[in-house]
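There are 2 protein chains.
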Amino acid sequence: MAQVYDRVALIGLGLIASSMFWAMKRSGLAGEVTGYARSDETRATAREIGLCDVVYDDIKDAVRGADLVVLCVPVGVMGPVMAQIADALAPGATVTDVGSVKKDVIEQITPHLPEGVHFIAGHPLAGTEHSGPRAGFAELFDNRWCLLVPPEGADPEAIARLRNLWEGIGANVEEMDAEHHDLVLAVTSHAPHLIAYTMVGVADDLRRVTDSEVIKYSAAGFRDFTRIAASDPTMWRDVFLSNKEATLEILGRFTEELFALQRAIRQGDGDHLFDYFTRTRAIRRGIIEAGQDTDAPNFGRSAGRKL
Amino acid sequence: MAQVYDRVALIGLGLIASSMFWAMKRSGLAGEVTGYARSDETRATAREIGLCDVVYDDIKDAVRGADLVVLCVPVGVMGPVMAQIADALAPGATVTDVGSVKKDVIEQITPHLPEGVHFIAGHPLAGTEHSGPRAGFAELFDNRWCLLVPPEGADPEAIARLRNLWEGIGANVEEMDAEHHDLVLAVTSHAPHLIAYTMVGVADDLRRVTDSEVIKYSAAGFRDFTRIAASDPTMWRDVFLSNKEATLEILGRFTEELFALQRAIRQGDGDHLFDYFTRTRAIRRGIIEAGQDTDAPNFGRSAGRKL
Numbered sequence: 001m002a003q004v005y006d007r008v009a010l011i012g013l014g015l016i017a018s019s020m021f022w023a024m025k026r027s028g029l030a031g032e033v034t035g036y037a038r039s040d041e042t043r044a045t046a047r048e049i050g051l052c053d054v055v056y057d058d059i060k061d062a063v064r065g066a067d068l069v070v071l072c073v074p075v076g077v078m079g080p081v082m083a084q085i086a087d088a089l090a091p092g093a094t095v096t097d098v099g100s101v102k103k104d105v106i107e108q109i110t111p112h113l114p115e116g117v118h119f120i121a122g123h124p125l126a127g128t129e130h131s132g133p134r135a136g137f138a139e140l141f142d143n144r145w146c147l148l149v150p151p152e153g154a155d156p157e158a159i160a161r162l163r164n165l166w167e168g169i170g171a172n173v174e175e176m177d178a179e180h181h182d183l184v185l186a187v188t189s190h191a192p193h194l195i196a197y198t199m200v201g202v203a204d205d206l207r208r209v210t211d212s213e214v215i216k217y218s219a220a221g222f223r224d225f226t227r228i229a230a231s232d233p234t235m236w237r238d239v240f241l242s243n244k245e246a247t248l249e250i251l252g253r254f255t256e257e258l259f260a261l262q263r264a265i266r267q268g269d270g271d272h273l274f275d276y277f278t279r280t281r282a283i284r285r286g287i288i289e290a291g292q293d294t295d296a297p298n299f300g301r302s303a304g305r306k307l
Numbered sequence: 001m002a003q004v005y006d007r008v009a010l011i012g013l014g015l016i017a018s019s020m021f022w023a024m025k026r027s028g029l030a031g032e033v034t035g036y037a038r039s040d041e042t043r044a045t046a047r048e049i050g051l052c053d054v055v056y057d058d059i060k061d062a063v064r065g066a067d068l069v070v071l072c073v074p075v076g077v078m079g080p081v082m083a084q085i086a087d088a089l090a091p092g093a094t095v096t097d098v099g100s101v102k103k104d105v106i107e108q109i110t111p112h113l114p115e116g117v118h119f120i121a122g123h124p125l126a127g128t129e130h131s132g133p134r135a136g137f138a139e140l141f142d143n144r145w146c147l148l149v150p151p152e153g154a155d156p157e158a159i160a161r162l163r164n165l166w167e168g169i170g171a172n173v174e175e176m177d178a179e180h181h182d183l184v185l186a187v188t189s190h191a192p193h194l195i196a197y198t199m200v201g202v203a204d205d206l207r208r209v210t211d212s213e214v215i216k217y218s219a220a221g222f223r224d225f226t227r228i229a230a231s232d233p234t235m236w237r238d239v240f241l242s243n244k245e246a247t248l249e250i251l252g253r254f255t256e257e258l259f260a261l262q263r264a265i266r267q268g269d270g271d272h273l274f275d276y277f278t279r280t281r282a283i284r285r286g287i288i289e290a291g292q293d294t295d296a297p298n299f300g301r302s303a304g305r306k307l
């Protein structure tokens, strides 16, 4: 594939940045890829495993001369990081991010944006429960969606280039506005994560059932929740705090619905339960038909080892 | 392996019974295996795919002469099914079940138990989101737990034989009392299932986010919930109605905890969220170390097809 950017800077070297790096190397869409991470340890790991062509100790050196800068830091620190790099950005460069919340991130970044630098917010809907520079792999974005949230009046050329990059590393790209993005993600990601965290916390707290029982018997359904609840704590703390309104709205609806089902259980209303469960089954079918999950039983998990 | 039972009758031919059949054939632990299902269609499918050595149209014919009868029907109909077969059971035979609730099932079955017939309640903690006679496979129980709940004074020989069968088809066996079983399963299975059903229902209901968006962007976390919420509606309706008290207790604790986290989000208490999410991550580690799930990212799912 033809090169889309000459020099890409990855700021923050976790799961997403490292996957972008390996995917860009696979596709040949980027010339040089530079990197920066705040922690000495992460930078050392990146150098050890060959993550980025050059890893800089100074964030400004990493972005200098880049025609694309990708902010891969927790959403809570997007503003301060943008403030740090602003005066080192090249005119005509594009800044993007990969944060799971868009309205708050755009509000944080926009005030620091120098004249002549494009900003196109982004969010690849891809990830795993693992984090850190060693967690990335080139296939992470294959057939996943990347949502772009360009500001009003954004340069069509800059949008098209960024779209080319994401499509070139495997993703399907869609544009939407920030508010709708944050609501859709509250439904498909933020509320489910908080619910999974909560359920795993409840299981851990329960004195009459031991942790070892919870672990031993987790295959009955609970283990699916523990995967989600193993996601990066810093990232998720920031997501909930930055997408407060939409998340609380969806959680409010969730609680309402849960109470209705609890009442059906208490009153023995089997028809209500049966109808509800039949309806939810259909959604799964749609996801499999859309190629967004596997139809293999239990996600095609390999069996655990024999004890 | 040596044969443990000469003749095993499987009553109800869904995911669990069909997996038991293929696993028993793999291990050679059972002589003849007979089967019965209430629906004509299920019996026809079973005959077509060679599920059971003989499929009977009359439930009594299926259990006659069996030294093990396994009730694989929804927990809501265990009592009526037991009443139907009671006078056809051979003296010395063992009756067991595979229901996800134990106290209620024992109360349903015990009154119909003929003199000289053993009853040892059981529950293999294994399953997938698929159901029906075609859903079974021989490996389903490999390295999963099977919980046995023998009544007080049960014949040790009958317990040992049933344990041998389950171990022979791949499971690890543990004994516990019915009340504790029902509480443990409320935590590891019943509450998580209800929560997943609820979240999927909420997503489906939301007018401001379309179903197609929910499906497209499900990889952000939601799709894990949809797998659980695709489980058999009849089975789960009965589970919730039969394990009402323990399920409602756990859901009560869940709601309490969810409200505390919602308050932390509303008040911007990042430390509370961070500490909570760090604690839940550790549980996942325990499950992987215990061999109850895979450490591969995203359960080792294969990527969906390219759109």
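Protein chains in written order, with UniProt numbering: chain A, 1 to 307; chain B, 1 to 307. Glycine is no exception: its CB is placed at the ideal position from the N, C-alpha and C atoms.
Residues from the stretch 185-203 of chain B in contact with chain A, defined by Cβ distance under 9 Å: Leu185, Ala186, Val187, Thr188, Ser189, His190, Ala191, Pro192, His193, Leu194, Ile195, Ala196, Tyr197, Thr198, Met199, Val200, Gly201, Val202, Ala203
Using a C-beta cutoff of 8 Å, does B/Lys216 count as contacting chain A? Within the second sequence, residue 216 of chain B is the residue found at index 216, counting from 1. For B/Lys216, the answer is yes, since a Cβ of chain A falls inside 8 Å of its Cβ.
Amino acids of chain A, ordered along the chain, whose beta-carbon sits closer than 7 Å to that of B/Gly132: Here the question's residue 132 of chain B lines up with position 132 in the second sequence. Those do not exist, as B/Gly132 stays about 12 Å from chain A at its closest Cβ, beyond 7 Å.
Please work out which residues of its chain come closer than 8 Å, Cβ to Cβ, to B/Thr116, disregarding the five sequence neighbours upstream and downstream, and give them in chain order. In the second sequence, the residue the question calls residue 116 of chain B occupies position 116. Before going on, a small fix: residue 116 of chain B reads as Gly here, not Thr. Contacts found: Pro91, Gly92.
Please confirm if B/Val69 has its CB atom under 8 Å from at least one CB of chain A. Taking the first residue of the second sequence as position 1, residue 69 of chain B is located at position 69. So, not an interface residue.
Along the beta strand (DSSP E) that carries A/Arg7, what are the first and last residues, could you check? Residue 7 of chain A sits at position 7 when you count from the first residue of the first sequence. Start and end: 5-11.
According to DSSP, simplified to helix, strand and coil, what is B/Glu157? Numbered from its first residue, the second sequence carries residue 157 of chain B at position 157. Helix, per DSSP.
Count the other C-beta atoms from every protein chain shown that fall within 10 angstroms of the C-beta of B/Gln3, then say buried if there are 16 or more, exposed otherwise. In the second sequence, residue 3 of chain B corresponds to position 3, counting from 1. The residue in question, B/Gln3, is exposed, as its Cβ has fewer than 16 Cβ neighbours within 10 Å.
B/Gln108 at chain A interface by Cβ criterion, 8 Å: What you label residue 108 of chain B is simply residue 108 of the second sequence in a count that begins at 1. Judged by the 8 Å Cβ criterion, B/Gln108 is not in contact with chain A.
Mind listing which residues of the stretch 124-150 of chain B have their C-beta closer than 9 Å to chain A's C-betas, in chain order? Leu125, Ala126, Gly127, Thr128, Glu129, His130, Ala135, Phe137, Glu139, Leu140, Asp142, Asn143, Arg144, Trp145, Leu147
Roughly how many whole angstroms lie between the Cα atoms of B/Arg227 and B/Glu175? As a position in the second sequence, residue 227 of chain B is number 227, starting the count at 1. As a position in the second sequence, residue 175 of chain B is number 175, starting the count at 1. Taking the straight line joining both Cα atoms gives about 29 Å.
Following the continuous alpha helix (DSSP H) through A/Gly219, name the residue where it begins and the one where it ends. In the first sequence, residue 219 of chain A corresponds to position 219, counting from 1. The question names Gly, but residue 219 of chain A is Ala in the sequence shown. No alpha helix (DSSP H) holds A/Ala219; DSSP gives it neither H nor E.
Please name the residue in B/Trp166, B/Lys60, B/Arg161, B/Asp61 whose C-alpha comes closest to that of B/Trp22. As a working mapping, residue 22 of chain B is identified with position 22 in the second sequence. Here the closest residue by C-alpha is B/Trp166.
Residues in its own chain within less than 7 Å of B/Ile59 by CB, not counting five upstream and five downstream? Locating residue 59 of chain B in the second sequence gives position 59, where the first residue counts as 1. Cβ within range, chain order: Ile11, Tyr36, Gln84, Ile85.
Considering just the uninterrupted stretch of the beta strand (DSSP E) at B/Pro124, what are its terminal residues? Stepping through the second sequence from its first residue, residue 124 of chain B is reached at position 124. Unbroken beta strand (DSSP E) run through B/Pro124: 121-124.
Should B/Asp293 be listed as close to the ligand ZN, given that the test is whether its C-beta is under 7 Å from any heavy atom? In the structure on display, the ligand ZN does not appear, and there are no ligands present to speak of.
Grouping DSSP H, G and I as helix and E and B as strand, with all else coil, what is A/Tyr56? In the first sequence, counting from the first residue as 1, residue 56 of chain A sits at position 56. In this structure, A/Tyr56 counts as coil in the three-state DSSP scheme.
Just confirm the distance between the C-beta atoms of A/Ala191 and A/Leu251, as a whole number of angstroms; I'd bet it's less than 8 Å. The residue given as residue 191 of chain A occupies position 191 in the first sequence. The residue given as residue 251 of chain A occupies position 251 in the first sequence. That belief holds up - the Cβ atoms of A/Ala191 and A/Leu251 are roughly 6 Å apart, short of 8 Å.
Output needed in chain order: residues of the stretch 239-252 of chain A with a Cβ under 8 Å from some Cβ in chain B. Phe240, Leu241, Lys244, Thr247, Leu248, Ile250, Leu251
Taking only beta-carbon atoms, is B/Leu307 less than 8 Å away from chain A? Taking the first residue of the second sequence as position 1, residue 307 of chain B is located at position 307. In this prediction, B/Leu307 has a pLDDT of 37, which is less than 50 and means its spatial position is unreliable; nothing more can be read from the coordinates.
Between the stretch 219-238 of chain B and the stretch 279-297 of chain A, do three or more beta carbon pairs fall short of 8 Å? yes
Find the residues of chain B that neighbour A/Arg207, judging by a C-beta separation of less than 9 Å, and give them in chain order. Counting from 1 along the first sequence, the entry for residue 207 of chain A is found at position 207. In chain order: nothing, as chain B lies at least about 11 Å away.
Beta strand (DSSP E) segment containing A/Leu71, residue limits: For the purposes of this step, residue 71 of chain A is taken as residue 71 along the first sequence, with counting starting at 1. A/Leu71 -> beta strand (DSSP E) spans 68-71.
Could you check what DSSP says for B/Asn143 in three-state terms: helix, strand or coil? In the second sequence, counting from the first residue as 1, residue 143 of chain B sits at position 143. The answer is coil: DSSP assigns B/Asn143 none of H, G, I, E or B.
Would you say B/Phe225 lies against chain A (beta-carbon separation less than 8 Å)? Against the second sequence, residue 225 of chain B aligns to sequence position 225. Yes, contact with chain A.
How many angstroms separate the CA atom of B/Lys306 from the CA atom of A/Asn143? For the purposes of this step, residue 306 of chain B is taken as the residue at position 306 of the second sequence. For the purposes of this step, residue 143 of chain A is taken as the residue at position 143 of the first sequence. Only weak support exists for where B/Lys306 lies, its pLDDT of 37 falling under 50; the coordinates are left without a value.
Considering only residues of the same chain and omitting the five flanking positions on each side of B/Val173, which have a CB-CB separation below 7 Å? By 1-based counting over the second sequence, the position of residue 173 of chain B is 173. Answer for B/Val173: Cys146, Leu148, Arg163, Trp166, Glu167, listed in chain order.
Anything in the stretch 158-174 of chain A with a Cβ closer than 9 Å to a Cβ of chain B? List those residues in chain order, please. Gly170, Asn172, Glu174
How many Å lie between A/Gly122 and A/Asp57 at the Cα? Position 122 of the first sequence, counted from the first residue, corresponds to residue 122 of chain A. Position 57 of the first sequence, counted from the first residue, corresponds to residue 57 of chain A. Cα to Cα, the separation comes out at about 26 Å.
Residues that DSSP places opposite A/Thr96 in a beta bridge: Looking up residue 96 of chain A in the first sequence gives position 96. Bridge partners of A/Thr96: A/Val70.
I'd like the list of long-range same chain contacts for A/Ile159, defined as Cβ closer than 8 Å, with 5 residues on each side in sequence excluded. Here residue 159 of chain A corresponds to residue number 159 of the first sequence, with the count starting at 1. Here the set comprises Ile120, Leu148, Pro150, Glu175.
Own chain residues within Cβ distance below 7 Å of B/Phe299, not counting five before or after: On the second sequence, position 299 is the one that residue 299 of chain B refers to. Around B/Phe299: no qualifying Cβ.
On the DSSP letters alone, give me the boundaries of the alpha helix (DSSP H) that B/Ala17 sits inside. For the purposes of this step, residue 17 of chain B is identified with residue 17 of the second sequence, where counting begins at 1. First-last of the alpha helix (DSSP H) with B/Ala17: 15-27.
Pairwise C-alpha distance: A/Arg161 and A/Gly28: To locate residue 28 of chain A, count along the first sequence from 1; it is residue 28. To locate residue 161 of chain A, count along the first sequence from 1; it is residue 161. In a straight line, the C-alpha of A/Gly28 is about 14 Å away from that of A/Arg161.
Endpoints, the alpha helix (DSSP H) within which A/Thr34 is located: Translated into the one-based positions of the first sequence, residue 34 of chain A becomes position 34. Unbroken run through A/Thr34 is the beta strand (DSSP E), 30-36; no alpha helix (DSSP H).
Just the C-alpha distance for B/Ala178 and B/Arg38, rounded to the nearest angstrom, thanks. Here the question's residue 178 of chain B lines up with position 178 in the second sequence. Here the question's residue 38 of chain B lines up with position 38 in the second sequence. Looking at the two C-alpha atoms, the distance is approximately 28 Å.
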